[in-house]
Amino acid sequence: MSEKCFVVLLQCLRCDEPNTRERLRENPLTLISEIFENMIINSQSAYSIGTSACVHQMLVSFRERSKFKMYMPSNPSKYGLKIMALINAGNN
Numbered sequence: 081m082s083e084k085c086f087v088v089l090l091q092c093l094r095c096d097e098p099n100t101r102e103r104l105r106e107n108p109l110t111l112i113s114e115i116f117e118n119m120i121i122n123s124q125s126a127y128s129i130g131t132s133a134c135v136h137q138m139l140v141s142f143r144e145r146s147k148f149k150m151y152m153p154s155n156p157s158k159y160g161l162k163i164m165a166l167i168n169a170g171n172n
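Quick note, my numbering runs 80 ahead of the 1-based positions in the sequence shown.
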């Protein structure tokens with residue numbers, strides 16, 4: 081697909097519903113919240129956490145405009161998206 085075709089499609093597509101516009105002002109994740117909630121439910125039913133669990137955080141380098149961009153001076157890439165994960169470190 082050419083860049084021009086992609087730009088036209090991007091301008092024509094809209095992931096917005098009139099009944100969610102007010103929620104979008106309050107919560108920027110409104111557009112993907114249903115998908116994210118389903119992913120959490122499926123993960124909880126498929127996995128169980130053992131006694132050796134830890135929380136891991138990482139910063140994915142990202143310098144574009146975003147409401148979710150974080151600044152972490154201790155990381156080599158100072159700006160990015162912060163991702164946190166619950167990791168099961170035990171051998172099951």
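The C-beta atom is built at its ideal place from N, Cα and C for all residues, glycine as well.
Would you mind working out which of Val88, Cys92 and Ile167 sits nearest Ser128, comparing C-alpha positions? Ile167
### Query
Ile163 by DSSP, collapsed to three states: which one?
strand
- Assign Gly130 to one of two classes, buried (16 or more other C-beta atoms within 10 Å of its C-beta) or exposed (fewer than that). exposed
Start and end residues, alpha helix (DSSP H) containing Lys84:
Glu83 to Cys92
| Member of Ser141, Ala169 and Ala165 whose CA lies at the smallest distance from the CA of Lys158 | Ser141
Euclidean distance between Cα positions of Cys85 and Leu93 = 12 Å
* In chain order, what residues of the same chain lie with their CB nearer than 6 Å to the CB of His136, ignoring the 5 residues before and after it? -> Ala165 and Ile167
Item to complete: Determine which residues share a DSSP beta bridge with Lys149 and list them.
Response: Leu161
Inset, instruction - In the DSSP assignment, find the beta strand (DSSP E) that holds Leu109 and state where it starts and stops. - result: Here Leu109 belongs to no beta strand (DSSP E), and DSSP marks it neither H nor E.
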